[in-house]
Amino acid sequence: MANLKEIRSRITTVKNTRKITSAMSRIAAARLVKAQQAAMGARPYGERLDQVVGSLVASLGGESEGEEGAAHPLLLKRSGNGRVVIVHITADRGLAGGFNANINRAVVNFIRKEREAGNDVVLLTVGKKGRSFFQHSNQRIVRHHDAPTLADLVVKAKAIASEVMAMFTGGKEGGDTDLPQVDRVYFAYNYFKNVLTQQPRIEQLLPFESREIVNDERVLPVLEPGRDALLGHLLPIAVESRLQQAFFNSIAGEIAARRTAMDSASDNATQLIRELTLFYNRERQAAITKELMEIIGGAEALKG
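Be aware that the sequence shown starts at 74, since it is given in our numbering, and climbs by one per residue.
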């Protein structure tokens with residue numbers, strides 16, 4: 074019967090675990106609606122701003138090459154090997170399936186390729202899971218921020234954009250000169266495609282490049298104020314916007330991944346409870362049968 078007690082105890086433990094995973098799934102489902110609406114609602118603004126700034130950048134032609142020819146410090150393209158910083162965006166918490174592991178793996182592969190090309194790589198981590206992962210691999214982390222929430226997302230995006238612009242321009246843009254100077258800036262995040270799919274992405278942030286292919290034959294509008302003045306105002310905003318989009322996607326993707334993981338855990342717990350209950354009933358029936366046989370055997374022995 075000691076074995077039966079252990080099985081009963083295990084069934085009780087799994088049932089308690091299922092209550093927790095089920096509750097976490099319901100909480101994630103409630104939060105997901107707001108996060109998904111925020112991510113989808115912010116995309117049109119970000120895409121349109123990218124198109125506007127991309128058209129201005131494309132109209133420069135080769136003016137962004139070299140220190141003297143760069144129309145704006147954020148467009149400067151440096152040649153040769155140099156230092157790269159990756160804004161690595163993960164979550165502060167786990168229990169979200171492969172959400173954090175997938176983007177960590179993608180960044181590891183990216184770092185390896187950059188180092189093989191002769192570039193030095195440093196990290197600016199956003200989210201405790203990314204920092205913890207790369208601390209164990211002795212990767213240099215120049216700055217860390219906790220993962221943003223929907224409430225403070227805009228403020229954190231502005232602060233991080235200021236830091237990476239300062240790193241890229243050597244203090245000409247942004248105010249933090251304690252950070253190392255870099256030649257390129259990338260950001261890594263999970264793109265929220267739908268509730269079931271989050272795609273790890275690594276994209277270049279600086280020097281700023283258009284994501285859209287601009288038709289060179291299109292007649293460009295007359296700008297007022299001039300192109301350089303517009304670039305000076307819009308480029309920092311576009312950098313902030315890209316980070317905001319990444320944060321929106323990461324938050325929605327984390328919640329969706331957690332809901333999926335907790336649903337899967339609840340289903341697995343239900344299946345395990347079913348199997349343990351069946352095993353318990355079989356063992357209990359066998360024990361009862363054995364006791365009956367012993368009683369019957371004893372009674373027959375007394376008769377004889």
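In this text, a Cβ means the ideal position worked out from N, Cα and C, and glycines have one as well.
Keep in mind the model is a prediction, meaning the values are calculated, not measured.
Open item on the list: Taking only three categories from DSSP, how would you classify Asn322?
Closed with: helix
TODO: Would you kindly report the start and end of the unbroken beta strand (DSSP E) that includes Glu276?
DONE: Thr270 to Leu279
Task: Nearest to Arg257 (by Cα), restricted to the options Thr242, Ala372 and Ala102 - done: Thr242
Task: Terminal residues of the beta strand (DSSP E) in which Val255 lies - done: Here Val255 belongs to no beta strand (DSSP E), and DSSP marks it neither H nor E.
- [ ] Determine the direct distance from the alpha carbon of Phe265 to that of Asp289, and round the result to whole angstroms.
- [x] Residue confidence for Asp289 is low, a pLDDT of 48 falling below 50, so the modelled location carries little weight; the figure read from the coordinates is stated next. Answer to the nearest angstrom: the Cα atoms are 32 Å apart.
Task: Proximity below 8 Å, CB of Val160 to CB of Phe281 - done: no
TODO: Since I believe Ala325 is in contact with Ala112 (beta carbons under 8 Å), could you give me their beta-carbon distance rounded to a whole number of angstroms?
DONE: 4 Å
- [ ] Identify, in the order they occur along the chain, each residue of the same chain with its Cβ nearer than 6 Å to the Cβ of Tyr353, setting aside the five sequence neighbours on each side.
- [x] Ile80
Task: Reference Ser323, options Leu105, Val255 and Thr85, closest by Cα - done: Leu105
Open item on the list: Between the alpha carbons of Ser137 and Arg188, how many angstroms are there, rounded?
Closed with: Note that Ser137 scores 49 on pLDDT, short of 50, meaning its location in the model is unreliable; the coordinates nonetheless yield the value given after this. Cα-Cα distance, rounded: 25 Å.
Task: As assigned by DSSP and simplified to three states, the class of Ala302 - done: helix
- [ ] Mind listing, in chain order, the continuous alpha helix (DSSP H) runs of no fewer than 4 residues lying wholly within the segment 170-203?
- [x] 172-189
Open item on the list: Here's a check: name, in chain order, each residue in its chain whose Cβ is nearer than 6 Å to the Cβ of Glu141, leaving out the five neighbours to either side.
Closed with: Note that Glu141 has pLDDT 46, beneath the 50 cutoff, so the model's placement of it is unreliable and the number below is only indicative. Once the five neighbours on either side are set aside, Glu141 has no close Cβ partner at all.
TODO: Look at the alpha carbon of Ala334 and the alpha carbon of Ala372, and state the distance between them as a whole number of angstroms.
DONE: 57 Å
Task: C-beta atoms of Val199 and Ile233 nearer than 8 Å - done: yes
- [ ] Output yes or no for whether 8 Å exceeds the beta carbon distance between Arg300 and Ser132.
- [x] yes
- [ ] Just tell me which of Leu122, Asp165 and Lys231 has its CA closest to the CA of Ser205.
- [x] Asp165
Open item on the list: If I measure Cβ to Cβ from Arg357 and keep anything under 7 Å in the same chain, skipping five residues before and after, which residues do I get?
Closed with: Leu77
TODO: Identify which residue in Val194, Val227, Lys229 and Ala230 has its Cα closest to the Cα of Ile72.
DONE: The displayed coordinates of the chain run from 74 to 377. Any statement about residue 72 would go beyond what the structure contains.
- [ ] Quick one: grab the DSSP three-state call for Glu141.
- [x] For Glu141, the pLDDT reaches just 46, beneath the cut-off of 50, and the residue's location in the model is therefore unreliable, although a value from the coordinates is still provided. Of the three classes helix, strand and coil, the one that applies to Glu141 here is coil, per DSSP.
Open item on the list: Going by DSSP in three states, Ala230 sits in which element: helix, strand or coil?
Closed with: helix
- [ ] Compare the beta carbon distance of Leu226 and Gln317 with 8 Å and say whether it is the shorter of the two.
- [x] yes
Task: Simplified DSSP assignment, three categories, for Arg331 - done: helix
Task: Nearest-angstrom Cα separation, counted from Arg91 out to Met97 - done: 10 Å
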